[in-house]
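Since the structure comes first, as structure tokens, the remarks are kept for the end.
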Amino acid sequence: MDAEYTVTESIYRNRAGQVTQIDYSFDETLVIDTSDSSSSTSSITRQNKEKRNRSYDVKITREQYLNIVRQQPNALGFDAFIDVLRPFIMGFYDQDELEQAFRRLDRDRSGTIHLDELNSFLPILNESINNQALQDYVRKVDENFDGTMNYDEFRTLVLRGIGRDIICNHI
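Numbering (my numbering), first residue to last: 308 to 478.
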């Protein structure tokens, strides 16, 4: 199975340079080899491939975000939310973006991200996410089995696209 994806990011700012809206469009194509592997006496080789496409759009304005987080205890501010969202959605990062995202989520400065800290970010985008589902995702990268993510484990979560999967409801 091969996966191809495209992520488009659009950032809108006011005259003061403050981010007012951010849009992401994510298109994923999975190519699955469905060839029949049974042996045949014919010399004809058949190769069948099935393509599956999925598209996701995330659009959030500063105003929408502020209205949502009024109901969320310990929610990140909008600018901090954007700092974390970018590498999660993009699946990669530039320079110190990932370190900054990690620091934004590690609110108790323990050097690890706990589920409660991850919950300060994710429910805003994925209302159906629960602690059990988050634990399942964290287990995919939790090399030391402590139930939290250190920086290297967080980096793996982002680079493998697991963060994007969480946001796009791949539960």
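Don't be surprised by glycine CBs; every beta carbon is placed ideally from N, CA and C.
Whose CA, out of the options, lies closest to the CA of residue i?
{"i": "Y319", "options": "G418, P380, T368, K447", "result": "T368"}
{"i": "D415", "options": "N457, D403, I436, L405", "result": "N457"}
{"i": "E406", "options": "A382, S417, D390", "result": "D390"}
{"i": "N451", "options": "D423, T419, V465", "result": "T419"}
{"i": "N355", "options": "K366, I339, V365", "result": "I339"}
{"i": "T315", "options": "P380, T336, D309, D364", "result": "D364"}
{"i": "D334", "options": "R353, A310, R322", "result": "A310"}
May I have the straight-line CA-CA distance separating residue i from residue j, to the nearest angstrom?
{"i": "R393", "j": "D453", "result": "26 Å"}
{"i": "N360", "j": "I396", "result": "17 Å"}
{"i": "N426", "j": "K358", "result": "34 Å"}
{"i": "S376", "j": "T341", "result": "It is worth fixing the name first, because residue 376 is Val in this sequence and not Ser. Going by the C-alpha atoms only, they are around 45 Å apart."}
{"i": "E370", "j": "R467", "result": "31 Å"}
{"i": "G324", "j": "F428", "result": "23 Å"}
{"i": "Y312", "j": "S362", "result": "9 Å"}
{"i": "Q402", "j": "S417", "result": "22 Å"}
{"i": "K366", "j": "S317", "result": "9 Å"}
{"i": "L337", "j": "C475", "result": "15 Å"}
{"i": "T455", "j": "A440", "result": "14 Å"}
{"i": "D459", "j": "Y400", "result": "14 Å"}
{"i": "R353", "j": "Q378", "result": "56 Å"}
Are residue i and residue j close, meaning C-beta to C-beta below 8 Å?
{"i": "D386", "j": "V326", "result": "yes"}
{"i": "G398", "j": "R471", "result": "yes"}
{"i": "L464", "j": "N438", "result": "no"}
{"i": "I473", "j": "I436", "result": "yes"}
{"i": "F461", "j": "F388", "result": "no"}
{"i": "E424", "j": "L412", "result": "yes"}
Does the Cβ of residue i have 16 or more other Cβ atoms within 10 Å, making it buried, or fewer, making it exposed?
{"i": "I351", "result": "exposed"}
{"i": "L373", "result": "exposed"}
{"i": "A382", "result": "buried"}
{"i": "R322", "result": "exposed"}
Would you check whether the ligand GDP has a heavy atom nearer than 7 Å to the C-beta of residue i?
{"i": "K356", "result": "Within the structure as shown, the ligand GDP is missing, as the structure has no ligands at all."}
Would you call the stretch 441–448 in contact with the stretch 325–342, where contact means no fewer than 3 C-beta pairs closer than 8 Å? no
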